[in-house]
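Numbers 1490 to 1980, taken from my numbering, label the letters of the sequence shown in order.
Note that beta-carbon positions come from the ideal geometry of N, C-alpha and C, so glycine has one too.
One structure is given here, and the rest of the page talks about it.
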Amino acid sequence: MSTDHTNYSRPLRLAAGSSGANEADLQTRLENSIVLVTADAEAPAVAATLRVLVGNLRRLPVRLHLDPSGGDGELDPNLVTDLEQLTAGIDADRSLSVIRPEHVTFHVHVGTSSTSAHVSGVADGHGTRLRPAGAAVGSLQQTGTGLGGVLTGAMLTAEVFKDVVAVLLDRQGPIRSIDFCPVTLGEPDDTIRSLAPLRDIALIGGGAIGTAIALIFRELNATGLLAVVDPETYDHPNVTTYSLGDRATAAARTPKVHLIRDQLCDVTVDPIIGTARDYIDAIDAGDKHMPTTVLGAVDSVDARHEIAAIHASQTLDGSTGGDTGTMLSLSEATWTGPCLRCYYPQRPAQGPSVIDLLTLRTGLPRDLLARGTDKLTADELTSLDNLTPKDRAILQSHVGKDICGLGKAFGLTGENQGFNPSAAFVAQQAAALVVGSLIRGGVTTEANNVQYDALFGPHGDMTLSRNSKATCRCQLERDIHQDVRTHRRGR
């Protein structure tokens, strides 16, 4: 695929699902949208919040402006320079304009001083407080933390997204006052809870949620030890969907585990290029240490079942999805149940997937076909030797188009199915729930299942207690799982 310009296909697809508009019209709309960011210089966690907010907004093709003197006090020039470099790394062709524009589509403010911005937000401890225009924040309970800053930036991005994309009214909630903490799962309070040094923890998955978890760890100045497991390298479409990395990272095809390692300067990271199953094999061979806690950041039922097979004491699993990719959730699991198989039962056998069928028919590699918004290139077509004339003609007509359309082109599906992109601001909120659970102590007397839509925001009925499924392996094979745990912990 071409790498001359930043690839916005994934956020545009997410936006299309939420707005009902086609991607070409959305791109034009966004390119004509002027977003102004202002901030109070001394707002709690202002640097972390701005890094997330400005980075997220640059992952959309909007016209992005920052007014360093638009809030209470002048922003630190070094922070402004950092933000300029951050946005240039994502898209060098769309610079951050450090000037107040004459006309504004949407004004977003970080801090408590502005009541005229469309939406304002500020970190309060590990949580956030958001207010619509005209509503004051009031007093804060604590100094904002890195977790609070990331959550604030993510939730402010959601409010901008709803407006500039013109999300359908039945797929969004109005801008409203929100007071939420991912540790308390309610309002921010005055109890100080710190992230303990990481120990016996494995992060499985270095994608959208995995990089968001790593971002939060970085902003919290995390210390300790962390195993990170992922088999893939960072690619150009990831620039506009992940919380870490840029075009240079993609050009270097950096392994995702190395990207996370390099971002966590105070954490000793063990980068494992492989799947959860590879990690289990290494544990069973005595080459790796069995974790007590697994942070799940994968994107399929099968991968979650692999995580369950680690039999860690607890798993804190984050996910995104839903019809438009804006749903997010936390699933707290234990090896005694509920485990991740209780949350995600095995789907009935459905035969080969579209990707399997395309691999067999064309010879294109599975990892290429799985990157749905990559473009099929002429070189990739030339490398295929065993094509029928008909199939070669189909592929020839698809050169330069999204790979996810091949299923339809070959008559294997009626539409582009199987690829549902997320967005950084959605994954960051899922990651905040995961890290919030870790700070809270993970699973205690009950396992929590938390779920909400990023375009509606947290609400009072989003948290449920989950029980084990009587027919799940964690109940039927508990003695076997105990023996496995004993063996692995004794290695």
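Relative to residue 1682, the option among 1709, 1619 and 1603 whose CA is nearest is 1709. Three or more Cβ pairs drawn from the stretch 1532-1543 and the stretch 1609-1619 lie within less than 8 Å of each other, which places the two stretches in contact. Among the bridge pairs identified by DSSP, residue 1821 is matched with 1805. Residue state for residue 1897 is assigned as helix, using DSSP reduced to three classes.
A straight-line Cα-Cα distance of about 46 Å links residue 1891 and residue 1632. Going by DSSP, residue 1760 is part of the beta strand (DSSP E) stretching over 1756-1762.
By the criterion of a C-beta distance shorter than 7 Å, residue 1951 is surrounded in its chain by 1939, 1940 and 1941, once the five residues flanking it on both sides are discounted. Inter-segment contact for the stretch 1809-1828 and the stretch 1868-1875 is absent: fewer than three beta-carbon pairs are separated by less than 8 Å. In this chain, the beta strand (DSSP E) harbouring residue 1953 covers 1952-1955. For residue 1934, there is no enclosing beta strand (DSSP E), as DSSP marks it with neither H nor E.
Residues 1582 of the same chain have their beta carbon placed closer than 7 Å to that of residue 1494, with the five preceding and five following residues left out of the count. Bridge pairing for residue 1669: 1617 [DSSP]. Cβ-Cβ separation between residue 1501 and residue 1524: approximately 16 Å, too far for a contact (criterion under 8 Å). Across the structure, residue 1868 and residue 1963 are spaced so that their CA atoms are roughly 48 Å apart.
Excluding residues up to 5 positions away in sequence, 1555, 1557 and 1587 lie with their Cβ nearer than 8 Å to the Cβ of residue 1569 in the same chain. For the beta strand (DSSP E) assignment, the uninterrupted runs of no fewer than 3 residues enclosed by the stretch 1597-1668 are, from N- to C-terminal side, 1608-1613 and 1616-1621. In the structure shown, residue 1945 adopts coil according to DSSP, grouped into three states. Distance from the Cα of residue 1719 is smallest, within the candidate group 1748, 1738 and 1729, for 1748. Residue nearest to residue 1736 within the set 1497, 1768, 1977 and 1976 is 1497 (criterion: CA-CA distance). Residue range 1498-1508 is occupied by the alpha helix (DSSP H) that includes residue 1502.
Taken atom to atom, the span from the alpha-carbon of residue 1723 to that of residue 1655 is near 30 Å. Sorting 1513, 1864 and 1765 by C-alpha distance to the C-alpha of residue 1889 places 1864 at the top. Residue environment analysis places residue 1795 among the buried positions, since at least 16 neighbouring C-beta atoms fall within 10 angstroms of its C-beta.
Look at residue 1854 here: in three-state DSSP terms it is coil, with no helix or strand label.
For residue 1563, the closest C-alpha among the options 1882, 1900 and 1529 is that of 1529. Contact between the stretch 1688-1697 and the stretch 1660-1671 is absent, with fewer than three C-beta pairs closer than 8 Å. Around the beta carbon of residue 1745, 16 or more other beta carbons lie within 10 angstroms, which makes this residue buried. For the beta strand (DSSP E) assignment, the uninterrupted runs of no fewer than 3 residues enclosed by the stretch 1540-1599 are, from N- to C-terminal side, 1552-1555 and 1595-1599.
Burial check for residue 1834: the Cβ neighbour count within 10 Å stays below 16, so the residue is exposed. The beta carbon of residue 1961 is closer than 6 Å to those of 1830 and 1831 in its chain, skipping five residues each way along the sequence. Judged by DSSP secondary structure, residue 1773 falls within the alpha helix (DSSP H) whose first and last residues are 1765-1773.
Between the C-alpha atoms of residue 1953 and residue 1937 there is a straight-line separation of about 6 Å. With a threshold of 16 other beta carbon atoms within 10 Å, residue 1792 meets it and is buried. In the structure shown, residue 1864 adopts extended strand secondary structure according to DSSP, grouped into three states.
Contact between residue 1595 and residue 1914 fails: their C-beta atoms lie close to 14 Å from each other, not under 8 Å. In chain order, 1529, 1560 and 1561 place their CB closer than 7 Å to the CB of residue 1602, counting only its own chain and leaving out the 5 sequence neighbours on each side.
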